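Heads up: the structure comes next, in structure tokens.
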Amino acid sequence: MTARHADFRELERRNRRQTVTLVFVFVVLFCALGLGLDFVIGGLRLSDGHLVGFPFLTILALIIGCVQSLVSYYGGAALVLTSAHARKLSPDSPKHQMVLDVVQEMSLASRMPAPRAYLIDDPAPNAFATGRDPQHSVICVTQGLVDQMDREELQGVLGHELAHIRDYDIRTMMMIAVLVGGVSMLADFFMRWSFFGGFGARDDSDNEQREAGAMVAVAVFVLALLAPLFSQLIAMAVSRQREYLADASSVEFTRNPRALLRALEHIARTESPLANASRGIAHLFIVNPLEGAAEDGEGFFNNLFSTHPPLSRRIQRLRELLRERMDVPVTVQSSRQS
Amino acid sequence: MGSWIIIGIIVLVALYLTLAYNSLVRMRNSVQNAWRQIDVQLRRRHDLIPNLVDSVKGYMQFERNTLTQVIEARNRAVDAPTQEVRLQAENQLTAGLGRLFALMENYPQLKADENVLQLQEQLTTTENQIAFARQAYNDAVLELNNRIETFPANIVANQFGFHPADYFQAPVEEQIVPKVDLSLGTPRAS
Chain A
1215 MTARHADFRE
1225 LERRNRRQTV
1235 TLVFVFVVLF
1245 CALGLGLDFV
1255 IGGLRLSDGH
1265 LVGFPFLTIL
1275 ALIIGCVQSL
1285 VSYYGGAALV
1295 LTSAHARKLS
1305 PDSPKHQMVL
1315 DVVQEMSLAS
1325 RMPAPRAYLI
1335 DDPAPNAFAT
1345 GRDPQHSVIC
1355 VTQGLVDQMD
1365 REELQGVLGH
1375 ELAHIRDYDI
1385 RTMMMIAVLV
1395 GGVSMLADFF
1405 MRWSFFGGFG
1415 ARDDSDNEQR
1425 EAGAMVAVAV
1435 FVLALLAPLF
1445 SQLIAMAVSR
1455 QREYLADASS
1465 VEFTRNPRAL
1475 LRALEHIART
1485 ESPLANASRG
1495 IAHLFIVNPL
1505 EGAAEDGEGF
1515 FNNLFSTHPP
1525 LSRRIQRLRE
1535 LLRERMDVPV
1545 TVQSSRQS
Chain B
1497 MGSWIIIGII
1507 VLVALYLTLA
1517 YNSLVRMRNS
1527 VQNAWRQIDV
1537 QLRRRHDLIP
1547 NLVDSVKGYM
1557 QFERNTLTQV
1567 IEARNRAVDA
1577 PTQEVRLQAE
1587 NQLTAGLGRL
1597 FALMENYPQL
1607 KADENVLQLQ
1617 EQLTTTENQI
1627 AFARQAYNDA
1637 VLELNNRIET
1647 FPANIVANQF
1657 GFHPADYFQA
1667 PVEEQIVPKV
1677 DLSLGTPRAS
């Protein structure tokens, strides 16, 4: 138990590092784009190896980058909830009441403050958690999950989400979701600018300057093209291992590998995509919500471009946990009603 | 040079003592907080039980014994003079409720009573929250005790009077009680 405890502190530290790196890379990327724009449409140019002019757009980009990072950090959860079309979950039906109760139960089991609960009106069973820290966390479930899961399965799913909250995965994933969206928007913007206002607009200046400016512009252009792909790759790489870890932590909370196992098996059977899940927030969900994502390809390429490990492999790992548990005698605190 | 090394060592030791002491305090607080979480749920259970018994006794004429046992255990827990007596009564209450829930399965009319269903959900989640809070409490105790008993933190713990905390043991009879599913609707494969 203490070993596990140390584990999650380590995970939390890793997530802090990753979030800081992410924001840093994002701001640098922004500044690079600003610099490119300065050369192409702004007043900046190279003259005898010296920079001439004021890098107005670079500084503007720096400010925008910082502001957007702050907005993402404090408003990211709200943005994610809005883009998922989620609304606050209220105890207006017995099943909704039960979900709210199970959220309480699992927050006690995980020793985390209770997250606020949200609902997406969609028949596909799925769930995600987001927020900047455990004190400001939200858990979002779909109506499909509410309708199809019994109490035990809900405990497994919500335990998985609370593990993401405890490990600060929610913060990293939220920043990726919101900043990736920002980078794509910026890339689009930059491409429009360079096509319509950029290259042809310069009238004076000698060839050398134009060449230098063009080279920077091309470099930034490539960067802008690659940025969305690059950030998508980050999102994929960091989230897959987390799913296994959160599955294991869910079992640690429920002391019952069957809970999440049954839930995942159920979800694997239904395989329905979510209507309102965009690519930008797909990596937040407990199972990939995108169309055609549920198939269980295990090849290298499939692994490289999917945000989630194959469901079959997660189910297999949980089965192994269940087998281990069956072999050991009942421990002090194994009795649990569900 | 030598004096600098000595000063350095003193600073390091002081730093360690501070950190070790603070983490012990944090762990002790987390044990106390975990205990409060159990207490809150136990009290909530005390409030809910009279309502449940009132709502079901009309349907369950032949289960007077169980109903009385549950109410008596509840009253003993509320009036308990000491912690030990109280925990004993609470454990009997948990067992009694388990029996009551199991018996309620035999009365399909209860499933149609919205008031009963609502109380059942409230009590089910309270039972689960007690169990999870107890689990969290025991985890917190394990952490604190491991810290207090292992070197070198045990020196700090002894100096400042930190004592190992007691585990919350699940009563033996509770483990025999069959698990009850009170979830609404969805039938459960087991």
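One line per chain: the protein sequences are A and B, in this order. Our numbering applies: residue 1215 is where the first sequence begins, and numbers increase by one. Our numbering applies: residue 1497 is where the second sequence begins, and numbers increase by one. Every residue gets a Cβ at the ideal spot worked out from N, C-alpha and C, and that includes glycine. Computed from a predicted model, the values in this text were never measured in an experiment.
- Rounded to the nearest whole angstrom, the CA to CA distance from residue 1494 (chain A) to residue 1521 (chain A) is 11 Å.
- With a threshold of 16 other beta carbon atoms within 10 Å, residue 1465 (chain A) meets it and is buried.
- Proximity of the region 1333-1345 of chain A to the region 1477-1491 of chain A meets the contact definition, three or more beta-carbon pairs being nearer than 8 Å.
- Taking all protein chains in view, the Cβ of residue 1656 (chain B) is surrounded by fewer than 16 other Cβ atoms within 10 Å, so the residue is classified as exposed.
- The alpha-carbon separation between residue 1328 (chain A) and residue 1248 (chain A) amounts to approximately 42 Å.
- In this model, residue 1315 (chain A) and residue 1287 (chain A) are separated by some 29 Å (Cα to Cα).
- Distance check between residue 1226 (chain A) and each of A:1381, A:1502, A:1532 places A:1381 closest, using alpha-carbon atoms only.
- By the C-beta density criterion, residue 1585 (chain B) is buried, having at least 16 other C-beta atoms within 10 angstroms.
- Following the DSSP letters along the chain, one finds residue 1313 (chain A) inside the alpha helix (DSSP H) bounded by residues 1308-1324.
- Here residue 1645 (chain B) is exposed, its C-beta having fewer than 16 other C-beta atoms within 10 Å.
- In the three-state DSSP reduction, residue 1332 (chain A) falls in the strand class (E or B).
- At a C-beta separation below 8 Å, residue 1469 (chain A) has these neighbours in chain B: 1631.
- Residue 1622 (chain B) and residue 1540 (chain B) do touch by the CB rule: their CB atoms are close to 5 Å apart, below 8 Å.
- Following the DSSP letters along the chain, one finds residue 1374 (chain A) inside the alpha helix (DSSP H) bounded by residues 1365-1380.
- Inclusion of residue 1284 (chain A) and residue 1269 (chain A) in the CB contact set at 9 Å is not warranted, their separation being larger than that value.
- Residue 1343 (chain A) carries a strand assignment under DSSP once its states are collapsed to helix, strand and coil.
- Here DSSP, grouped into helix, strand and coil, assigns residue 1632 (chain B) to helix.
- Below the 7 Å Cβ cutoff, chain B contributes no neighbours of residue 1537 (chain A), its closest Cβ being approximately 17 Å away.
- If you draw a straight line from the Cα of residue 1387 (chain A) to the Cα of residue 1498 (chain A), it is about 6 Å long.
- Residue 1262 (chain A) and residue 1253 (chain A) have their C-alpha atoms spaced approximately 15 Å apart.
- Linking residue 1347 (chain A) to residue 1379 (chain A) through their CA atoms gives a straight-line distance of about 7 Å.
- By the criterion of at least three beta-carbon pairs nearer than 8 Å, the region 1300-1310 of chain A is not in contact with the region 1590-1608 of chain B.
- Buried is the label assigned to residue 1320 (chain A), since at least 16 other Cβ atoms lie within 10 Å of its Cβ.
- Against chain B, the beta carbon of residue 1322 (chain A) has neighbours under 7 Å at 1533, 1625, 1628, 1629, 1632, listed in chain order.
- One finds 1315, 1318, 1319 in chain A with Cβ atoms closer than 7 Å to the Cβ of residue 1621 (chain B), taken in chain order.
- Minimum Cα-Cα distance from residue 1277 (chain A) among the listed residues A:1367, A:1223, A:1245 corresponds to A:1245.
- Distance check between residue 1354 (chain A) and each of A:1297, A:1307, A:1308, A:1324 places A:1297 closest, using alpha-carbon atoms only.
- Comparing alpha-carbon positions, the option among A:1352, A:1250, A:1265, A:1228 lying closest to residue 1271 (chain A) turns out to be A:1250.
- In this chain, the alpha helix (DSSP H) harbouring residue 1590 (chain B) covers 1579-1600.
- Chain B has no Cβ within less than 9 Å of the Cβ of residue 1349 (chain A).
- Taking one beta carbon from each stretch, the region 1629-1641 of chain B and the region 1573-1591 of chain B have fewer than 3 pairs nearer than 8 Å; the two do not touch.
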